[in-house]
Amino acid sequence: MKLSDLRYDLSIIASWIEPGSRVLELGCGEGDLLHWLKKEKAVKERGIEIQESKVEKCIEKGISVLQGDINEEIQDYPDNTFDYAICSQTLQQVFEPRSLIHSMMRVAKKGVVSFPNFGHYRVRMQLALTGRAPVTKELPYSWHDTPNIRVLSLLDFQKFTEDAGVKIFKQAAINTGANPRQGRRTTVLPNLLATYGIFLIGKE
Amino acid sequence: MSEYTDSSRPGRTVGLVEKKTFTFAGPPDRLRLESGAEIGPVTLAFETCGTLNPDKTNAVLVLHALSGDSHVAGYYDPKDAKPGWWDIMVGPGKGIDTDHYFVICSNIIGSCCGSTGPASVNPETGEEYGTRFPVVTIGDMVEAQKALLDHLGIDTLLSVIGGSVGGMQVLEWCARFPERVRSAVPLATTSRHSALAIAFNEVARQAIMADPNWNEGHYYSGKKPDMGLAIARMIGHITYLSDESMRLKFGRKLQNRSALSFEFGAEFQVESYLQYQGKKFIERFDANSFLYITKAADYFDLARQYGSGSLVKAFSRCRAKFLVVSYTSDWLYPTYQSREMVKAMKKNDLDVSFCEIDAQWGHDAFLLPNDRLDHLMAGFLKGVFDEIE
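Chain order of the listed sequences is A and B. Per the working numbering, residue 369 is the first one in the first sequence, and the count goes up by one each step. Per the working numbering, residue 11 is the first one in the second sequence, and the count goes up by one each step.
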């Protein structure tokens, strides 16, 4: 499997993971990232996913996964069980993100967090010009049915890590197009132009 | 568990299989039981399907529930009306694929289905053991199965799989012989009975023991405690279903009548169903075996046995990779009991997967056709097998 077989944002996360490490993914979906990491980087993988049908897909791929709520399931692991705890495009759906990130920092040496950037110019323009809650490709729900209850921008997350005593080791602001496997890094005005942010974080 | 599933699906089967037996602990040896009692010789009935590979790395041990037997798949005779009890899962191209794995299904000591149990003749007296048969535990059952595996020359099992009381044997295997179990699938089971589960078993046992024909367990030369055993089975069946499945299956529908009769016959369909299940059961099962096996299930307590009361400590002995499966409507062994096990496994950094399957059929769901379980099983086993390649 090539790195380009993965969705673009996942391929960046995958490139950050050291071979042979222990990886926990919170909200692992159908297990695409863990499957790739297991095959190509020989990681020891664990996933947590709440949807039964997605858990089935993971186990069919030979991935170890627990069906359950990430906020609860993460509690059972002893300190420093993992090298990485990954929370890919799920943080914006978590009721208590600060508590979850602290749990990630407890069970793993490093964390990877990615989320859609609410500071993107299309989001800003929609609210400014139409006066209505933004609905975008990255955040495609209406205000009343969205699971994304904690929308945030790249700057919001950076400020959050400072307050929470968490260090950012790496970050990638990216822009993805129609093809989910393609995208590019956003180096100019990332908080305005990037559709997603990805952060590698750790304890101070 | 229920009578063999009625809803078998079309598909290939393993074909004709044979009921085999293995006898050990003959004189001068005896099998020492957990209670301290000794017994011998001991016979275990078993069945095998598929082919053992030259490296002997593809052996899967399947363990049956309370009233099951070693006949897991295929047919003894082309004229048999029904295949083995898990034919929907075990066979070529099925969840436990006999094109790839060598499947062994072992019966248990205490059973009446070809293994040594209370209905067997005690060689020392020339009479059936009856209640002179020693009380056996899940650990004793597994100890006997280990002797069978030694006899078959299988050192390490690719997987041990079983539901309900079979799942207890799976857990016992993992704790008792950790070095011989590569992976394990405990389905719809528990690490120890709740008071609710013990209560139902006790009422069932009381029904048998209150039957005048039971005669303190010595009935083999006379009338059998059929009524007691049938009632015990009916109680069991209630716990295997669920409120929802009973509502969907029977509701308040009447059996062969359109109005209430104001008599005490079986009027509601659910009554008729339970009576039918009770009648079918007495034709194939021994009342004393029912007493012994339910007692073993009630005694089973992984935390007490291996962890001085701590389930986390008990699982610290285990090495297997686990797939734990529970069912949403199982109120005999509810999901929270599976989650307790998963939690203890996680605390030991064991490799565990867990899935709660949404099913309305109660505890019995694990025996019914379910694509999800087929896929979970096939994917999990392949993953474990690929890791040793």
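Glycine is no exception: its CB is placed at the ideal position from the N, C-alpha and C atoms.
Where residue i falls: helix, strand or coil (DSSP)
| i | result |
| --- | --- |
| Glu417 (chain A) | strand |
| Asn68 (chain B) | coil |
| Ala194 (chain B) | strand |
| Pro396 (chain A) | Per the sequence shown, residue 396 (chain A) should be read as Cys rather than Pro. In the structure shown, Cys396 (chain A) sits in coil (DSSP, three-state: anything other than H, G, I, E or B). |
| Glu48 (chain B) | strand |
| Arg243 (chain B) | helix |
| Tyr283 (chain B) | helix |
| Ile431 (chain A) | coil |
| Val423 (chain A) | helix |
| Glu108 (chain B) | The sequence given here has Thr at residue 108 (chain B), not Glu. Looking at Thr108 (chain B) - three-state DSSP - the assignment turns out to be coil, as it is neither helix nor strand. |
| Phe483 (chain A) | strand |
| Val27 (chain B) | coil |
| Arg215 (chain B) | helix |
| Tyr230 (chain B) | coil |
| Ser169 (chain B) | strand |
| Asp311 (chain B) | strand |
| Glu13 (chain B) | Residue confidence for Glu13 (chain B) is low, a pLDDT of 47 falling below 50, so the modelled location carries little weight and cannot support an answer. |
| Thr33 (chain B) | strand |
| Cys123 (chain B) | coil |
| Lys92 (chain B) | coil |
Proximal residues of chain A, C-beta to C-beta of residue i below 8 Å
| i | result |
| --- | --- |
| Ile367 (chain B) | Glu420 |
| Leu333 (chain B) | Ile427 |
Residue i - containing beta strand (DSSP E), residue span
| i | result |
| --- | --- |
| Gln538 (chain A) | With the sequence shown as reference, residue 538 (chain A) is identified as Lys, and Gln is not the correct amino acid for it. Lys538 (chain A) -> beta strand (DSSP E) spans Val534 to Thr544. |
| Val335 (chain B) | Lys331 to Tyr337 |
| Asp451 (chain A) | Phe450 to Ser456 |
| Tyr564 (chain A) | Tyr564 to Lys571 |
| Phe112 (chain B) | Phe112 to Ser116 |
| Val362 (chain B) | Val362 to Ile367 |
Residue interval of the alpha helix (DSSP H) (run including residue i)
| i | result |
| --- | --- |
| Gly346 (chain B) | First, the residue type needs correcting, since residue 346 (chain B) is Tyr and not Gly in the sequence shown. Per DSSP, Tyr346 (chain B) belongs to the alpha helix (DSSP H) from Thr345 to Lys357. |
| Tyr489 (chain A) | Tyr489 to Thr498 |
| Arg549 (chain A) | Note, Arg549 (chain A): premise wrong, no alpha helix (DSSP H); not H, not E. |
| His373 (chain B) | Where His373 (chain B) is concerned, there is no enclosing alpha helix (DSSP H), given that its DSSP letter is neither H nor E. |
| Gly393 (chain B) | Asp381 to Ile398 |
| Tyr376 (chain A) | Tyr376 to Trp384 |
Within chain B, the residues that residue i reaches when beta carbons sit closer than 8 Å
| i | result |
| --- | --- |
| Thr449 (chain A) | Asp359 |
Partner residues on chain B for residue i, Cβ-Cβ distance less than 7 Å
| i | result |
| --- | --- |
| Tyr509 (chain A) | Chain B residues near Tyr509 (chain A): none, gap ~24 Å exceeds 7 Å. |
| Lys370 (chain A) | Under the 7 Å cutoff, chain B gives no residues; its nearest Cβ is about 20 Å from Lys370 (chain A). |
| Val433 (chain A) | Ser363 |
| Asp444 (chain A) | Lys353, Lys356 and Lys357 |
| Val423 (chain A) | Cys365 |
Beta-carbon neighbours of residue i, restricted to chain B and to distances below 9 Å
| i | result |
| --- | --- |
| Glu464 (chain A) | Here the premise fails: no neighbours, minimum Cβ distance about 21 Å. |
| Gly430 (chain A) | Gly389, Phe390, Lys392, Gly393, Val394, Asp396 and Glu397 |
Minimum Cβ-Cβ distance from residue i to chain E less than 8 Å
| i | result |
| --- | --- |
| Glu408 (chain A) | Absent from the structure is chain E; the protein chains it does hold are A and B. |
**Request:** Pair every Cβ in the region 443 to 454 of chain A with every Cβ in the region 379 to 394 of chain B, then say whether three or more of these pairs are closer than 8 Å.
**Result:** No, because fewer than three Cβ pairs between the region 443 to 454 of chain A and the region 379 to 394 of chain B fall closer than 8 Å, the two stretches do not touch.
**Prompt:** Going along the chain, which residues of the region 357 to 384 of chain B sit with their C-beta nearer than 8 Å to a C-beta in chain A?
**Reply:** Within the region 357 to 384 of chain B, Lys357, Asp359, Asp361, Val362, Ser363, Phe364, Cys365, Glu366, Ile367, Asp368 and Arg382 place their CB atoms closer than 8 Å to a CB of chain A, listed in sequence order.
**Item:** Proximal residues, the region 474 to 487 of chain A versus chain B, C-beta separation under 7 Å
**Value:** Near chain B, meaning a CB-to-CB distance below 7 Å, no residue of the region 474 to 487 of chain A qualifies.
**Prompt:** Using a beta-carbon distance cut-off of less than 7 Å, what residues from the region 375 to 406 of chain A approach chain B?
**Reply:** Here the close residues number zero.
**Prompt:** Touching or not, the region 337 to 349 of chain B and the region 295 to 309 of chain B, by the rule of three or more beta carbon pairs under 8 Å?
**Reply:** The region 337 to 349 of chain B is not in contact with the region 295 to 309 of chain B.
**Item:** Where the region 384 to 396 of chain B meets chain A: residues whose CB sits under 7 Å from a CB there
**Value:** For chain A, the residues of the region 384 to 396 of chain B that bring a beta carbon within less than 7 Å of one of its beta carbons are His385, Leu386, Gly389, Phe390, Lys392, Gly393 and Asp396, in chain order.
**Message:** If the cut-off is 8 Å on Cβ atoms, which residues from the region 337 to 354 of chain B count as contacting chain A, listed in chain order?
**Reply:** When CB distances to chain A are screened at a threshold of 8 Å, the residues of the region 337 to 354 of chain B falling below it are Arg349, Val352 and Lys353, in chain order.
**Message:** Check whether the region 120 to 130 of chain B and the region 45 to 64 of chain B touch, using three or more Cβ-Cβ pairs below 8 Å as the test.
**Reply:** At 8 Å Cβ cutoff, the stretches touch.
**Message:** With three or more beta-carbon pairs closer than 8 Å as the criterion, would you say the region 145 to 163 of chain B touches the region 31 to 46 of chain B?
**Reply:** Inter-segment contact for the region 145 to 163 of chain B and the region 31 to 46 of chain B is present: three or more beta-carbon pairs are separated by less than 8 Å.
**Item:** the region 133 to 150 of chain B contacting the region 176 to 195 of chain B, beta-carbon criterion three pairs below 8 Å
**Value:** Contact check between the region 133 to 150 of chain B and the region 176 to 195 of chain B: three or more CB pairs, one atom from each, fall below 8 Å, which counts as touching.
**Item:** Any 3 or more C-beta pairs closer than 8 Å across the region 522 to 530 of chain A and the region 449 to 456 of chain A
**Value:** Segments in contact, no.
**Stretch pair the region 355 to 373 of chain B + the region 409 to 427 of chain A: three plus CB contacts closer than 8 Å** = Cβ pair count under 8 Å is three or more, so yes.
**Asked** Any chance the region 236 to 253 of chain B sits against the region 288 to 300 of chain B, with 3 or more Cβ pairs inside 8 Å?
**Response** Remark: three or more beta-carbon pairs, one from each stretch, lie closer than 8 Å, so the region 236 to 253 of chain B and the region 288 to 300 of chain B are flagged as touching.
**Asked** Quick check: the region 253 to 262 of chain B against the region 295 to 302 of chain B, are there 3 or more CB pairs under 8 Å?
**Response** These segments do not touch.
**Cβ pair count under 8 Å reaching 3, the region 461 to 480 of chain A against the region 490 to 506 of chain A** = The answer is no - the region 490 to 506 of chain A does not touch the region 461 to 480 of chain A, with fewer than three Cβ pairs under 8 Å.
**Prompt:** Are the region 556 to 567 of chain A and the region 515 to 526 of chain A touching, with three or more C-beta to C-beta distances below 8 Å?
**Reply:** Yes: the two stretches touch, three or more of their Cβ pairs being nearer than 8 Å.
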